[in-house]
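Written out as structure tokens, the structure is:
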């Protein structure tokens, strides 16, 4: 259901929330711990996930550590896709 | 009247043990209420465990715990035991662990901290040994003996220190603001009437307790006045700011404190779908404090949330700092913040605050309200000579709740504390009894309510291989659209081929995130000799901000 999620997320993060749009956003690229995305932008990523894929990640799971790469975010999405 | 924080808490406990002190809202939706009976019972268990680890009256106890009831229990446990607690920020997952641990151990040595209270997760994260961290003994909150403990039989004195408030900055620059029982209680006893605080008030807060606004206004003030506080996890608030609005609606809260950026963040980022049937009309005070207040942020906040019951009269401002315990001045519904349009030219080139009408280039200033009872300010020049009203200078403060000094740092204390006056390093002016804060004399960046010293950022960036050592400036650029400052870093590179190099930029960002938990909004890697130096050979910040704006934004400051 969310097979194109990594590409869509990468495009969104690179163009909308990354502090340096020249940095490539690969599935394993650290986002928060690399200083590329600040924690105040996580709310925009969560909104994107909700609007684009209809998946709501609960607050206790939506931590900066759990959203530190596209891979991790996709894993969270898989966990809560049918919740 | 009780003269110590311990006595005040015990008095609430004896009179109304079942009175709610704090309601901790947990990110998973759980609600953990803490009554005064709980606070004293569990606090005494912490006190017994601290004593068992050798903590005596007057010893420093460091508390590093996430948002939880235990954070309050550990803090007040030390207070009950007559120790001096200091709450530090738990390490963010992105911090370089070895670096965090080294800095922490250096701080523990410097302030001779006896015990560190933390949890197993944090201890593991920073690689602490079984029961020690540097020179201090470890107390894991989860391993507290379950036995009931008596309230410790120690009676702190009014002039004993009651807590240390650590400022931001790396360990080298971290200052421990030492506060006595007397100072803290005097502050609360003049602040509470200013707020017209009553027993049926209810405070709500998402602020971290390692910050003075979270600790004094939203932890100590409730404990002294008996007004309950609903506490939200700061980390949850960042990803779901609407949790604040829901808590207000659920518990009919009446007061909160937030830095300016939070007004913009709430107005811009709360989703309509998260609001539901939330009502905010119980709120009588949203108090804007801890970074420069911007009238436009209030307007946007009001525009967004007026339909939910927010009133203009509830948007208050406050000027506060740890060195005076908390508030220096406060605006309220009866003394609303003044908003002035100032002649830009007079303000920028003559440091004069001259009100002008429409049609003249102006800067807008919003006041931090009127002085608290027992507080005086003087606006002074470089020689600390007093200036007239409407002249911009350094704000010096004299009040009955001044700090004792920076802990074990007489040199820094002597620089800012003189003859009972505290020289704040803030710039501002006084007009019609209102205090206006317009900037900083000292180098300090305040980004989203969090303080950074540019020297710290410059030191870390300078050490990244490829960056020209010593040729870095960190600058804060006010951005009214987000209600706070943006962090600009200009760094010269050693090798011309690395100008604008994305890989080097990534290395700089990673290093800064790991060492200072800090994100750069705009990083420029520049050729050698790009930065302007002063005649004394120092890289100066103001001229380089000017050059940055001219070069990259085609404008002048």
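Protein chains in written order, with my numbering: chain W, 1 to 83; chain F, 84 to 640. All C-beta atoms in this analysis are idealised placements derived from N, C-alpha and C, irrespective of residue type, glycine included. Source: prediction; values computed, not measured.
I'd like to check one pair, residue j with residue i: are the Cβ atoms closer than 8 Å?
i	j	result
residue 307 of chain F	residue 486 of chain F	no
residue 336 of chain F	residue 365 of chain F	yes
residue 187 of chain F	residue 155 of chain F	no
residue 104 of chain F	residue 118 of chain F	yes
residue 521 of chain F	residue 456 of chain F	no
residue 35 of chain W	residue 602 of chain F	yes
residue 331 of chain F	residue 290 of chain F	no
residue 370 of chain F	residue 325 of chain F	no
residue 576 of chain F	residue 608 of chain F	yes
residue 227 of chain F	residue 286 of chain F	no
residue 610 of chain F	residue 579 of chain F	yes
residue 106 of chain F	residue 311 of chain F	yes
residue 704 of chain F	residue 127 of chain F	Nothing about residue 704 of chain F can be read from this structure; chain F reaches only from 84 to 640.
residue 133 of chain F	residue 222 of chain F	yes
residue 599 of chain F	residue 572 of chain F	no
residue 322 of chain F	residue 42 of chain W	yes
residue 201 of chain F	residue 246 of chain F	no
residue 454 of chain F	residue 544 of chain F	no
residue 124 of chain F	residue 198 of chain F	no
residue 482 of chain F	residue 407 of chain F	yes
residue 157 of chain F	residue 342 of chain F	no
Should residue i be flagged as near chain F, meaning a C-beta pair shorter than 8 Å?
i	result
residue 60 of chain W	yes
residue 12 of chain W	no
Kindly indicate the opening and closing residues of the alpha helix (DSSP H) around residue i.
i	result
residue 12 of chain W	5 to 12
residue 90 of chain F	88 to 98
residue 322 of chain F	317 to 322
residue 160 of chain F	152 to 163
residue 64 of chain F	As shown, chain F starts at 84 and ends at 640. That puts residue 64 of chain F outside it, with no answer to give.
residue 381 of chain F	378 to 388
residue 121 of chain F	119 to 135
residue 77 of chain W	70 to 80
residue 458 of chain F	Unbroken run through residue 458 of chain F is the beta strand (DSSP E), 458 to 463; no alpha helix (DSSP H).
Name, please, each residue of chain W whose Cβ falls closer than 8 Å to the Cβ of residue i.
i	result
residue 588 of chain F	20, 22, 23
residue 71 of chain F	With chain F represented from 84 up to 640, any question about residue 71 of chain F goes unanswered, as that position is not in the structure.
residue 348 of chain F	40
Run through the DSSP bridge pairs and tell me what residue i is partnered with.
i	result
residue 43 of chain W	None; residue 43 of chain W has no bridge partner.
residue 194 of chain F	None; residue 194 of chain F has no bridge partner.
residue 616 of chain F	F:622
residue 398 of chain F	F:369
residue 248 of chain F	F:260
residue 501 of chain F	F:504
residue 23 of chain W	Paired residues: none, contrary to the question.
So with Cβ pairs under 8 Å, would you call residue i a contact of chain W?
i	result
residue 635 of chain F	no
residue 383 of chain F	no
residue 639 of chain F	Because residue 639 of chain F sits at a pLDDT of 48, beneath the cut-off of 50, its placement in the model cannot be relied upon, and the following sentence gives the value as read from the coordinates. Chain W contact via Cβ: absent.
residue 537 of chain F	no
residue 202 of chain F	no
residue 247 of chain F	no
residue 93 of chain F	no
residue 585 of chain F	yes
residue 606 of chain F	yes
residue 610 of chain F	no
For residue i, go through chain F and note every residue whose CB falls closer than 9 Å to its CB, in chain order.
i	result
residue 36 of chain W	589, 592, 593, 596, 602
Residue i versus chain F: which residues are under 8 Å apart at the beta carbon?
i	result
residue 33 of chain W	176, 177, 593, 596, 597
residue 43 of chain W	321, 322, 323, 324, 352
Please list, in chain order, the chain F residues whose beta carbon lies closer than 7 Å to that of residue i.
i	result
residue 39 of chain W	321
residue 47 of chain W	354
residue 65 of chain W	176
For the beta strand (DSSP E) that residue i lies in, which residues bound it at each end?
i	result
residue 274 of chain F	Residue 274 of chain F -> not in any beta strand (DSSP E); alpha helix (DSSP H) instead, spanning 264 to 277.
residue 325 of chain F	From DSSP, residue 325 of chain F is part of no beta strand (DSSP E) but of the alpha helix (DSSP H) over 325 to 334.
residue 572 of chain F	567 to 576
residue 404 of chain F	Run containing residue 404 of chain F: none; DSSP gives neither H nor E here.
residue 518 of chain F	517 to 523
residue 449 of chain F	445 to 454
residue 419 of chain F	Unbroken run through residue 419 of chain F: none, as it is neither H nor E.
residue 413 of chain F	410 to 413
residue 108 of chain F	103 to 108
With a cut-off of 8 Å, does the C-beta of residue i fall near any C-beta of chain B?
i	result
residue 110 of chain F	Going by chain labels, chain B is absent from the structure shown, which instead holds the protein chains W and F.
Since residue i meets chain W, which of its residues come closer than 7 Å, beta carbon to beta carbon?
i	result
residue 318 of chain F	63
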